[in-house]
Amino acid sequence: MILSKSQYIRALQCLKSLWLYKKRPEIRVTEDKKVLFERGYEVGDLAKKLFDGGVEIEFNPDNFKGMIEKTKKLIKKEKIIYEATFSENGIFAMADILVKDGDGWNMYEVKSSTSVKDYHIDDASIQWYAISNAINLKKAFIIHINNEYERNGELEIDKLFKIEDITDKVLEKQNEIPKNLKEIEKILSLNKEPEISIGSHCFNPFECDFTYYCWNNVPEISVFNLYRMSFDKKMKLYNKGIVNLEDVDENTLNNIQQIQVKTYKEKSIHIEKEKIKNFLNKLSFPINFLDFETFQEAIPRFDRQRPYEQIPFQYSLHILYEDGRLEHKEFLGDENQDPRIELVKNLLNDITENGTILAYNKSFEIGVIKRLAKFAPEYEKKLIGLIDRFEDLIEPFRNLGVYHYNFNGSFSIKSVLPALFPDDESLNYKNLGLIQNGGDAMNTYAKLHLIDDEKLKKQIKDDLLKYCKLDTFAMVKILGKLKEFSKN
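Under this note's numbering, the residue at position 470 of the sequence shown is numbered 1684, and the numbers go up by one with no gaps.
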């Protein structure tokens, strides 16, 4: 049995997941994690510059044996090796960076996260278990992103990264690894998949790519959709055989959960007109429907940018006047430069001097504006002045002014919109092009400056504008529906 470290980590999360990975790979459902991998490679390549002058083992999936043999040769003469490759103790392992230290070596694993996670320790521990059988390892380190670093001028690699000594934690794990490997070997020897129930391990520390298969018997709408109930409580209901919403004892639920179950049973909509009217009375014309899109980068490209800082690059603004007129304004930043100052200038020019600013989950938009005010002190007074004008369109839903059974325990705009407008194809995000959600927008824009194909770049920009425009137009439609509910 030969395991990679990722397979070992998979087994620690769920032995059934590893069995399925090995025995039934055809049922695996994989989301596109290309962005995460690209980010990891980008960070890994940059971290190597902390230990310049090393020799890299070129990855060749068709010749692991060759990679291992090259590593053995380099160990004898080099002081720094990148991607040193070993197959020892039943584990296939590649060390991100090995650095010679006297009569031994120090191992460095590079992570694109901003702190050391528990699974990073498990990751490094299985590496140590394998590699220490071939060479004398002295210490183990995790290199990770320092999210307090702010770029000013040239990128300072030594400040961008933090290096943490995890040797003691890795050594503590060594005794349990043989036991884990025996359990893994036992599971993989089975011809029938192991009987392991669903649970929190399906999502922690990662969402499993066999979730669709293992959760196939759970109805699309179930106790797992109950609003703001802890996962542990939901699992207790499930393990008692209470799976469908109809089966839940309503006396054990809070008010909002009771309404959720009642409307689901009746396939109805719950409306409290006074709560809707109270919200509508807080709004004043012209109403500015505002939505930002932001992106994040592990490695900051611009001055005064921190790793993983949310950088706004786009907004959509619909303006509804008292006479019913509706205007649309928008901004999409130049992907080759810091978009923040131009966004601020355009926003302050486009937004009306008075009237309500309406956002869906306003804490996000207010957070963006506060960071922009700090970034651009010359516009701070005007930007901060916008904050008191905000109202939150999610409010009449969260306070149960409206609850539709098809919200399914969620008040996000992606749940509310199709429930209120089930037959309006113009409001269906799935009918958009390349960009259908905020994650698409964030990840695509972050890589836009790397695309040379001008036709593709134009299509992406058009799709970004369409997506953001739909976000604010959706708010216009939702507000109109609230007004209907307040009257009928």
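For every residue, glycine included, the Cβ atom is placed at its ideal position computed from N, Cα and C.
Rounded to the nearest angstrom, how far is the Cβ of Ala1261 from that of Phe1375, given a contact under 8 Å? Taking the sequence shown and counting its residues from 1, the one referred to as residue 1261 is at position 47. Taking the sequence shown and counting its residues from 1, the one referred to as residue 1375 is at position 161. Indeed they touch by this definition, with Cβ atoms about 6 Å apart.
May I ask you to report which of helix, strand or coil DSSP gives Asn1560? Here residue 1560 corresponds to residue number 346 of the sequence shown, with the count starting at 1. Here Asn1560 sits in helix by DSSP.
Can you tell which of Phe1265, Leu1264 and Met1281 has the C-alpha that lies nearest to the C-alpha of Ile1271? Reading the sequence shown from its first residue, position 57 is the one you call residue 1271. For Ile1271, the nearest C-alpha among the options comes from Met1281.
Report the option in Lys1284, Asp1310, Ile1295 and Ile1412 whose CA atom is closest to the CA atom of Lys1219. If you number the sequence shown from 1, residue 1219 lands on position 5. Put simply, of Lys1284, Asp1310, Ile1295 and Ile1412 the residue whose alpha carbon is nearest the alpha carbon of Lys1219 is Asp1310.
Which of the three DSSP states, helix, strand or coil, is assigned to Trp1319? In the sequence shown, counting from the first residue as 1, residue 1319 sits at position 105. The DSSP-derived three-state label of Trp1319 is strand.
Quick check: the segment 1338-1345 against the segment 1288-1303, are at least 3 beta-carbon pairs closer than 8 Å? They touch, by the three-pair rule.
Using the rule of at least 16 other Cβ atoms within 10 Å of the residue's Cβ for burial, across every protein chain shown, is Arg1554 buried or exposed? Position 340 of the sequence shown, counted from the first residue, corresponds to residue 1554. It counts as buried.
What residues are listed by DSSP as bridge partners for Leu1534? The residue given as residue 1534 occupies position 320 in the sequence shown. Beta-bridge partners assigned by DSSP to Leu1534: Ile1501 and Leu1540.
Evaluate the contact criterion for the segment 1476-1490 versus the segment 1315-1331: three or more CB pairs, one atom per stretch, below 8 Å. Flag = no, the segment 1476-1490 and the segment 1315-1331 do not touch.
Identify whether Met1443 lies in helix, strand or coil by the three-state DSSP scheme. Position 229 of the sequence shown, counted from the start, is the residue given in the question as residue 1443. Annotated three-state conformation of Met1443 is coil, per DSSP.
Are the segment 1653-1667 and the segment 1630-1642 touching, with three or more C-beta to C-beta distances below 8 Å? Two segments are said to touch when three or more pairs of C-beta atoms, one from each, lie closer than 8 Å; by this definition the segment 1653-1667 does not touch the segment 1630-1642.
Contact belief for Pro1526 with Leu1557 at Cβ below 8 Å, rounded distance in angstroms: Locating residue 1526 in the sequence shown gives position 312, where the first residue counts as 1. Locating residue 1557 in the sequence shown gives position 343, where the first residue counts as 1. So it is a contact: roughly 6 Å between Cβ atoms.
Between Lys1543 and the rest of its own chain, which residues show a CB-CB distance below 6 Å, the 5 nearest in sequence each way excluded? Residue 1543 sits at position 329 when you count from the first residue of the sequence shown. Only Leu1531 and Asp1564 meet the Cβ criterion.
Check whether the segment 1505-1521 and the segment 1352-1367 are in contact - that is, three or more C-beta pairs closer than 8 Å. At 8 Å Cβ cutoff, the stretches touch.
Buried or exposed by the 16-neighbour rule on C-beta atoms within 10 Å, applied to Asn1550: Position 336 of the sequence shown holds residue 1550. Per the 10 Å Cβ criterion, exposed.
For a quick check, are the C-beta atoms of Asp1461 and Asp1685 less than 8 Å apart? Locating residue 1461 in the sequence shown gives position 247, counting from the first residue. Locating residue 1685 in the sequence shown gives position 471, counting from the first residue. Contact annotation: Asp1461 and Asp1685 have beta-carbon atoms that are not nearer than 8 Å.
Per DSSP, cross-strand counterpart(s) of His1484: Position 270 of the sequence shown, counted from the start, is the residue given in the question as residue 1484. Beta bridge pairing from DSSP links His1484 with Tyr1617.
Within a Cβ cutoff of 7 Å, which residues of the same chain sit near Gly1304, ignoring the five residues on either side of it in sequence? Counted from its first residue, the sequence shown places residue 1304 at position 90. If we look at Gly1304 and ignore the five residues flanking it on each side, its Cβ neighbours are Met1215, Ile1216, Leu1217 and Leu1395.
Quick one: give me the first and last residue of the beta strand (DSSP E) that Ser1577 is part of. Here residue 1577 refers to the residue found at position 363 when the sequence shown is read from its first residue. Judged by DSSP secondary structure, Ser1577 falls outside any beta strand (DSSP E) and instead within the alpha helix (DSSP H) spanning Lys1576 to Phe1589.
Boundaries of the alpha helix (DSSP H) in which Thr1244 is found, first to last residue: Your numbering for residue 1244 matches position 30 in the sequence shown. That residue, Thr1244, is in no alpha helix (DSSP H); it is neither H nor E in DSSP.
For Leu1250, the three-state DSSP class (helix, strand or coil): Walking along the sequence shown from the start, residue 1250 turns up at place 36. For Leu1250, the predicted model reports a pLDDT of 49, less than 50, meaning its position is unreliable; a value from the coordinates is still stated below. In the three-state reduction of the DSSP assignment, Leu1250 falls in the helix class, which pools H, G and I.
Can you give me the Cβ contacts of Thr1285 inside the same chain, cut-off strictly under 8 Å, excluding the 5 residues immediately before and after it? Reading the sequence shown from its first residue, position 71 is the one you call residue 1285. Result list for Thr1285: Ile1271, Ile1295, Ala1298, Thr1299 and Phe1300, in chain order.
I'd like to know whether the C-beta atoms of His1746 and Ile1412 end up nearer to each other than 8 Å. One cannot answer for residue 1746 here, as it falls past the ends of the chain, which runs 1215 to 1702.
Any idea if Leu1540 is buried or exposed, counting beta-carbon neighbours within 10 angstroms, 16 or more meaning buried? By one-based count along the sequence shown, residue 1540 stands at place 326. With fewer than 16 other CB atoms across the displayed protein chains lying within 10 angstroms of its CB, Leu1540 is exposed.
How would you label Lys1230, buried or exposed, when you count the other beta carbons within 10 angstroms and need 16 or more for buried? By 1-based counting over the sequence shown, the position of residue 1230 is 16. Buried, since its Cβ has 16 or more Cβ neighbours within 10 Å.
Where Gly1615 falls, given that 16 or more other Cβ within 10 Å makes a residue buried: Taking the sequence shown and counting its residues from 1, one reaches residue 1615 at position 401. Taking every protein chain shown into account, the CB of Gly1615 has 16 or more other CB atoms within 10 angstroms, so this residue is buried.
Taking the beta carbon of Gly1547 as the centre, do at least 16 other beta carbons fall within 10 Å, making it buried, or is it exposed? Counting from one through the sequence shown, the residue named residue 1547 turns up at place 333. Buried, since its Cβ has 16 or more Cβ neighbours within 10 Å.
For Asp1665, is the classification buried or exposed, using 16 other Cβ atoms within 10 angstroms of its Cβ as the cut-off for buried? Taking the sequence shown and counting its residues from 1, the one referred to as residue 1665 is at position 451. Here residue 1665 turns out to be Ile, not Asp, going by the sequence shown. By the neighbour-count rule (16 or more Cβ atoms within 10 Å), Ile1665 is not buried but exposed.
Which of helix, strand or coil does DSSP assign to Ala1573? For this step, residue 1573 is matched to residue 359 along the sequence shown. Secondary structure at Ala1573: strand, using DSSP grouped into helix, strand and coil.
What is the DSSP secondary structure of His1415, reduced to helix, strand or coil? In the sequence shown, counting from the first residue as 1, residue 1415 sits at position 201. Secondary structure at His1415: helix, using DSSP grouped into helix, strand and coil.
When you compare each of Tyr1574, Phe1578, Glu1592 and Asn1575 to Leu1562 by their alpha carbons, which one comes out closest? Against the sequence shown, residue 1562 aligns to sequence position 348. Closest in alpha carbon position to Leu1562, among Tyr1574, Phe1578, Glu1592 and Asn1575, is Glu1592.
Give me, in chain order, the residues of the same chain whose beta-carbon lies closer than 8 Å to that of Leu1288; leave out the 5 immediate sequence neighbours on both sides. Looking up residue 1288 in the sequence shown gives position 74. Taking Leu1288 as the centre and dropping the five residues before and after it, the same chain places the C-beta of Val1269, Ile1271, Ile1295 and Ala1298 closer than 8 Å to its C-beta, in chain order.
Helix, strand or coil: which one does DSSP assign to Leu1607? Translated into positions along the sequence shown, residue 1607 becomes position 393. When DSSP states are grouped into helix, strand and coil, Leu1607 belongs to the coil group.
For Glu1256, which residues in the same chain have their Cβ closer than 6 Å to its Cβ, ignoring the five residues on either side in sequence? Taking the sequence shown and counting its residues from 1, one reaches residue 1256 at position 42. Once the five neighbours on either side are set aside, Glu1256 has no close Cβ partner at all.
Leu1467 in three-state terms, based on DSSP: Taking the sequence shown and counting its residues from 1, the one referred to as residue 1467 is at position 253. Reduced to three states, the DSSP call for Leu1467 is coil.
With a 10 Å radius around its C-beta and 16 neighbouring C-beta atoms as the bar for buried, classify Tyr1222 as buried or exposed. To locate residue 1222, count along the sequence shown from 1; it is residue 8. Tyr1222 comes out buried.
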